[in-house]
Amino acid sequence: MIQRLKYSLFFILLLWRTLSFAALDAPSLRCLDVKANGDVELSWVIPTDPTAVFDSYQIFHSTTLAGPYALVATIPVYAQNNWLHVGANAQTTPGFYYMITVSDAPVFQYSVPSDSLGTMMLTALNPLNGTAPLSWNSLHMPPLGTSGNYNVLYEYPAGTWNAAGTTLFTSFLDTIDICNNQVNFRIEQTDASGCISVSSIDGDVYQNIIPPDIPELDSVSVNPATQNAVIGWQPSSSGDTEGYIIYLFTGVWMPIDTVWGINTTTYENLSSTADLNSESYCVAAIDSCATTSPLTTGHSTIFLSSTVDPCNRSVNLSWSAYSGFPGITEYIIYFAENGGSWSVLDVVSNSTVQYEILNLENDSSYCFYISAVSINGDTTSSNFSCELVDFPELPAYVYIRYASVNTDGSVDLKWVNDRNVYVLGYSLQRSLSPTGPWTSIDYKSYTATPEYIFTDATANADLQSVFYRVAVIDSCSNEAMHSDTARTIFLRGEPLGDLSNELIWNDYEGWPTGAQEYKLHRMIDHVPDPAPIATFAAGAEYYADDVAPYYLSYGLFNYRIECIEAAGNPLGYNDTTWSNQIEIQQLPRLFIANAFSPTGYNTTFCPFGVYIDHTSYSFIIFNELGEEMFNTTDFYECWDGTNDGSPAPCAVYHYILRMTLPGDLAFTKRGHITLLR
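Numbering (my numbering), first residue to last: 1219 to 1895.
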């Protein structure tokens, strides 16, 4: 009985130990590195062993994924995480591996096998077209979650490995840029654990028959110093580019030179005639195997020509449109005068290829060139074109001394000229705007007369400001120059309700030193004030005239501005000019009481008003029976409440008021008045 109990306890303890010390996990096989001699280095992540029951790792190998697998190594060291399979011959034969972990608690236990990994076998084809199609197998299908991208490397020259690219896939197409040499390839894949899987090596003798990439031609310009065509381009992106062939179009594309060096990107044609005509160029890249790229798009220089038009006093530019840019945004015209610095004359649209230049200095030398700007910001420049301008001689000056408005709206003008220079004549011109259009109102043929006077009877300068100038007619019958513009003073105004007159005017224009002062003249009922009522500086242009003190007048006010020229006129003149005359009528204001008391405060009764025309005034009062009580034509005479010297009785009386309003309008008012005592 005791013996049976002992055996029972032993089996219970054995079962408890077996259950307490379960088999360890298999190592996590991560990398297979195929060495150049065919050996394979395996790398793995060791499993955890919290109870220290590790015995060994066992590595199994096969040349096919399906097996059979043979044990090729037993590793008793728990911390070891790599092993070299010598003699695996994996450069020519695939190798497949898995691992298990052996535990010894209390009996040997074997883990579930790890994932099987197969060496990457690389195949490099040679289709003889300058490319190398590469393909290989994955370490595991599906790929391990810890594996990274594939890195493709090539060996050239021998012993030197270079990066060719990176891919997510098990294929890669490499472009050969080597001339007829052995090129080997291999694949590397880094695991998250830090180890690297390396494929077998494969290669062949490859030949670069692919032409280099086409360089990008930036522009063709003309060298400002030599007037030769200068070509600029971006280097070819092909690394084996050795140089560039320069072509000139002469009916066909003819090679004219070759420049060497992948980063040589400019060329000047020393035999260029770009100052005489437009030239077209293109470029091709040439590589180390003497293979050339297709030609770039041709670019043509801008050829600029110029001519002097003496009668129009202008220089006319004409140029050929630049070709080669993907698009042109604008042309910029540059000029230099008498050898001075270059300045921008104008910017014109991409469709403009002709331009007329005016306002040039006579007997001066001008040079021009054109710059085209592409939609990408690239620029190119034309040849220079230079001209010496020799225009018909013009007078040193033509000057309007004054343009003065008369009271009827006509304008008196006086103008002077340089009589020492012969011209065909002078045209006096008028406009309602400083920018025109201009109408000729008088023409004077050339004489030695230094001064001309003219009255413009149709100016209507009492309706608006009028502008005048004198055009010089040269020997080509052209308007070759103009005087400064003179502008008349236009005065306008209106009556305001506060018994003032608002006056607004513009400054006189045309004097080189401006106006010294403006004087305001006034007439009341056609009687002029003895002196100006106000004086203003230039720029005032506004005045409110308080006319309340003149309420006893008829309310008719006339105004006119006198302008005095400031000192310092370079021709020595000191003139005066006048504005138009305006008339402002203050409207009459009439006040009539409705009751009065001869014994009270208001002892008499009559209308009271301001700006009343007394000449046609009539005021009559009647009683209820229609009997006339009072009659007067004197605006200042009032009814005292009597009839034939006797006090009239308290009653309501009727009146009739007659007078004339401005504009000869008859005015009649009927009303009543209450007499109180």
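We put the CB at the ideal spot given by N, CA and C, even for glycine.
Cutoff 8 Å; reference Ala-1896; Cβ partners in own chain excluding five residues on either side: Any property of residue 1896 remains undetermined from this structure, which presents the chain solely from 1219 to 1895.
Secondary structure at His-1358, three-state DSSP: helix, strand or coil? In the three-state reduction of the DSSP assignment, His-1358 falls in the coil class.
Among residues of its own chain, excluding the 5 on either side of Ser-1541, which ones have a beta-carbon nearer than 7 Å to its beta-carbon? Setting aside the 5 residues that flank it on each side, Ser-1541 is surrounded in the same chain by His-1517, Ser-1518, each with a C-beta closer than 7 Å to its C-beta; the list follows chain order.
Between the stretch 1457 to 1471 and the stretch 1542 to 1561, do three or more beta carbon pairs fall short of 8 Å? Under the three-pair Cβ rule at 8 Å, the stretch 1457 to 1471 does not count as touching the stretch 1542 to 1561.
Excluding the 5 residues preceding and the 5 following Phe-1853 in the sequence, name in chain order all residues of the same chain whose CB lies nearer than 7 Å to its CB. Ile-1830, His-1832, Tyr-1835, listed in sequence order.
Among the residues of its own chain, which have a CB less than 6 Å from the CB of Ile-1810, if the five just before and after it don't count? Within the same chain, Ile-1810 has close Cβ partners Pro-1825.
So, is Leu-1465 buried or exposed, given that buried needs 16 or more other C-beta atoms within 10 angstroms? Checking the displayed sequence, the identity of residue 1465 turns out to be Tyr instead of Leu. With 16 or more Cβ atoms within 10 Å of its Cβ, Tyr-1465 is classed as buried.
Thinking C-beta only, is Tyr-1871 closer than 7 Å to Ile-1839? Their beta carbons are under 7 Å apart, which means Ile-1839 touches Tyr-1871 by this criterion.
Can you tell me which residues form a DSSP beta bridge with Asn-1792? The partner list for Asn-1792 (beta bridge, DSSP) is empty, contrary to what the question assumes.
Considering only the beta carbon of each residue, do Leu-1650 and Ile-1659 sit closer than 7 Å? Taking the C-beta atoms as reference points, Ile-1659 is found no nearer than 7 Å to Leu-1650.
Which same chain residues, not among the five before or five after Arg-1962, have their C-beta less than 6 Å away from its C-beta? Residue 1962 falls outside the range modelled here, since the chain spans only 1219 to 1895, and no answer is possible.
From this set, Ile-1264, Ala-1704, Tyr-1768, Thr-1892, which residue's C-alpha is nearest Asn-1820's C-alpha? Closest option to Asn-1820, Cα to Cα, is Thr-1892.
Within 8 Å, do at least three Cβ pairs link the stretch 1548 to 1555 to the stretch 1398 to 1406? Remark: fewer than three beta-carbon pairs, one from each stretch, lie closer than 8 Å, so the stretch 1398 to 1406 and the stretch 1548 to 1555 are not flagged as touching.
What three-state label does DSSP hand Ser-1511 in the structure shown? Three-state DSSP puts Ser-1511 in coil, outside helix and strand.
Could you tell me whether the stretch 1250 to 1258 touches the stretch 1408 to 1428, using the rule of 3 or more Cβ pairs below 8 Å? Short answer: they touch.
Inter-residue Cα distance where the pair is Ser-1176 and Asn-1495: Because the chain is modelled from 1219 through 1895, residue 1176 falls outside the range shown and cannot be assessed.
By alpha-carbon positions, which one of Phe-1521, Asp-1596, Ser-1582 ends up nearest to Val-1533? Here the closest residue by C-alpha is Ser-1582.
Judging by CA-CA distance, which residue of Gly-1313, Val-1263, Ala-1297 is the nearest neighbour of Val-1304? Distances from the CA of Val-1304 to each of Gly-1313, Val-1263, Ala-1297 were compared; the closest alpha carbon is that of Gly-1313.
When the distance is taken between beta carbons, is Ile-1802 closer than 7 Å to Trp-1723? Not a contact, by the Cβ cut-off of 7 Å.
Return the bridge partner residues of Tyr-1328 from the DSSP annotation. Per DSSP, Val-1320.
Do you know how far the Cα of Tyr-1615 is from the Cα of Ser-1500? Ser is not the amino acid found at residue 1500; the sequence shown has Cys there. For Cys-1500 and Tyr-1615, the distance between alpha carbons rounds to 55 Å.
Enumerate in chain order the residues of its own chain whose CB-to-CB distance from Ala-1284 is below 7 Å, with the five nearest sequence positions on each side excluded. Non-local beta-carbon contacts of Ala-1284 in its own chain, meaning distances under 7 Å to residues more than five positions away in sequence, are absent.
Three-state secondary structure (DSSP) at Thr-1833? For Thr-1833, the secondary structure class from DSSP, reduced to helix, strand or coil, is helix.
DSSP three-state label for Pro-1201, please. The structure shown does not extend to residue 1201, since the chain is modelled only from 1219 to 1895, so the question has no answer here.
Could you please give me the residues that DSSP links to Asp-1781 through a beta bridge? In the sequence as presented, Asp is not what sits at residue 1781; that position holds Cys. According to DSSP, which records beta bridges pairwise, Cys-1781 is partnered with Tyr-1736, Thr-1795.
List the DSSP bridge partners of Ala-1621. In DSSP, Ala-1621 forms a bridge with Leu-1631.
Please list the terminal residues of the continuous beta strand (DSSP E) segment that includes Ala-1666. Looking at the DSSP string, Ala-1666 is not in any beta strand (DSSP E), and its letter there is neither H nor E.
Could you tell me the distance, in whole angstroms, from the CA atom of Ile-1432 to the CA atom of Ile-1480? If I take the Cα positions, the gap works out to 12 Å.
Just confirm the distance between the C-beta atoms of Asn-1601 and Val-1440, as a whole number of angstroms; I'd bet it's less than 8 Å. For a cut-off of 8 Å, the C-beta gap from Asn-1601 to Val-1440 is around 5 Å, short enough to register as a contact.
Could you give the distance in angstroms between the alpha-carbon of Ile-1220 and the alpha-carbon of Val-1290? Bear in mind that a pLDDT of 37 at Ile-1220, under 50, signals an unreliable position, so the number given afterwards is only what the model happens to contain. Inter-residue distance for Ile-1220 and Val-1290 is about 50 Å (C-alpha atoms, whole angstroms).
Enclosing beta strand (DSSP E) for Arg-1895 [first to last residue]: Secondary structure note for Arg-1895: it is in no beta strand (DSSP E), with a DSSP letter that is neither H nor E.
Do the CB positions of Val-1271 and Ala-1323 come within less than 7 Å of each other? Their beta carbons are under 7 Å apart, which means Val-1271 touches Ala-1323 by this criterion.
For Phe-1848, which residues of its own chain have a beta-carbon under 6 Å away from its beta-carbon, when the five flanking residues on both sides are left out? Short of 6 Å from the beta carbon of Phe-1848, and not among the five residues preceding or following it, lie these beta carbons of its own chain, in chain order: Ile-1839, Trp-1857.
Name the residue from Ile-1874, Leu-1894, Gly-1643 whose alpha carbon lies nearest to the alpha carbon of Thr-1886. Comparing Cα positions, the closest option is Ile-1874.
Runs of 3 residues minimum, wholly inside the stretch 1247 to 1323: which ones carry the beta strand (DSSP E) assignment? Counting only runs that start and end inside the stretch 1247 to 1323, the beta strand (DSSP E) elements of at least 3 residues fall at 1258 to 1263, 1272 to 1280, 1288 to 1293, 1300 to 1303, 1314 to 1322.
Could you please give the first and the last residue of the uninterrupted beta strand (DSSP E) stretch that includes Asn-1367? Residue range 1365 to 1373 is occupied by the beta strand (DSSP E) that includes Asn-1367.
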